[in-house]
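Asker:
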Amino acid sequence: MLVLSRRSGQKIVIGNEVVVDVLGISGDGVRLGISAPGETSVHRYEVFAEIQEANRAAEVAADDLENLALGNLSEMVRKNKDNEAI
Amino acid sequence: MSVITIKGKEVPYDENEVITFAEGLIGMPEMRRAVLVPIDEFKPFCWLASVESEKARFIVVDPHEVFAGYEPFQAEQVGDASVQTFAIVKVSSDWQKTTVNLRAPLVINTETQIGAQLILSDSKYQFAESLVQN
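Line by line, the protein sequences give chains A and B.
Here the first sequence stands for residues 22 to 107, numbered as in this note's numbering.
Here the second sequence stands for residues 999 to 1132, numbered as in this note's numbering.
And the structure:
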């Protein structure tokens, strides 16, 4: 891991296009401004980790899938849909 | 015509049906090229299956089939593009504990067949919303 020290108002650049700007520091908190191309996704790590976990769990669930469970769900969804239509 | 195997069943698909997720999905880099396979006997559920890795697949559902008022983004964010939205389903063997990820939906441009997993920040939608509502 590359470790850099920066002061408030200083920046780093990642690749050719991503710029991280240290906007301010107060106590143990730091405010960062991130400029990146539209197609680059930027997230708080916790959110990213949560989705990563959710995706993997869904993948595992699909692997153990029981048709009975899916059958019940399918029936429920279709019934609810019919009820809405009435 | 190519073929993938889902749960021992051969499913033919056409190359132009393949959806491209440029970066793969979060935590699943092998989900770059995938096909959507409706499960005829369990509508409206579908498989989203990677054509590159047999292990990488999900059950997905159009969230509007289940949550009629689901609006993950505003119309102007999509513009004129025709998009399809899917939510990843985590099926539980106790079927009533099944959840859907409404917070990070898959959005697919049906003209270009390019997809992405959106992360809705500051959203009322949950990562694990119960599919069976009381």
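Each residue gets a CB set at the ideal place from its N, CA and C atoms; glycine is no exception.
Please identify, using Cβ separations under 7 Å, the residues of the segment 1013-1034 of chain B that lie next to chain A, in order along the chain.
Answerer: Taking 7 Å as the cut-off between beta carbons, the residues of the segment 1013-1034 of chain B near chain A are L1023, I1024, G1025 and M1026, in sequence order.
Asker: From E87/A to V24/A, what does the alpha carbon distance come to, in whole angstroms?
Answerer: 48 Å
Asker: So, do the segment 97-104 of chain A and the segment 1101-1108 of chain B have three or more beta carbon pairs nearer to each other than 8 Å?
Answerer: With the cut-off at 8 Å, the segment 97-104 of chain A and the segment 1101-1108 of chain B do not touch.
Asker: Could you list which residues in chain A have their beta carbon closer than 9 Å to that of L953/B, in chain order?
Answerer: Residue 953/B falls outside the range modelled here, since chain B spans only 999 to 1132, and no answer is possible.
Asker: Show which residues of chain B have a CB atom less than 9 Å away from the CB atom of N76/A.
Answerer: L1023, I1024, G1025, M1026, M1029, F1056, I1086, N1099, A1102 and Q1115
Asker: So that I know if they touch, is there some Cβ in chain A lying closer than 7 Å to that of V1049/B?
Answerer: no
Asker: Taking 7 Å as the threshold (C-beta atoms), are W1045/B and V1059/B in contact?
Answerer: no
Asker: Taking C-alpha atoms, which residue in I1004/B, R1031/B and T1003/B lies nearest to Q1111/B?
Answerer: R1031/B
Asker: For P1010/B, write down the residues that DSSP places opposite it in a beta bridge.
Answerer: V1001/B, per the DSSP bridge assignment.
Asker: List, in order along the chain, the chain A residues whose C-beta lies closer than 8 Å to that of A1126/B?
Answerer: A75
Asker: Confirm, please, whether the CB-CB distance from F1125/B to E80/A is below 7 Å.
Answerer: no
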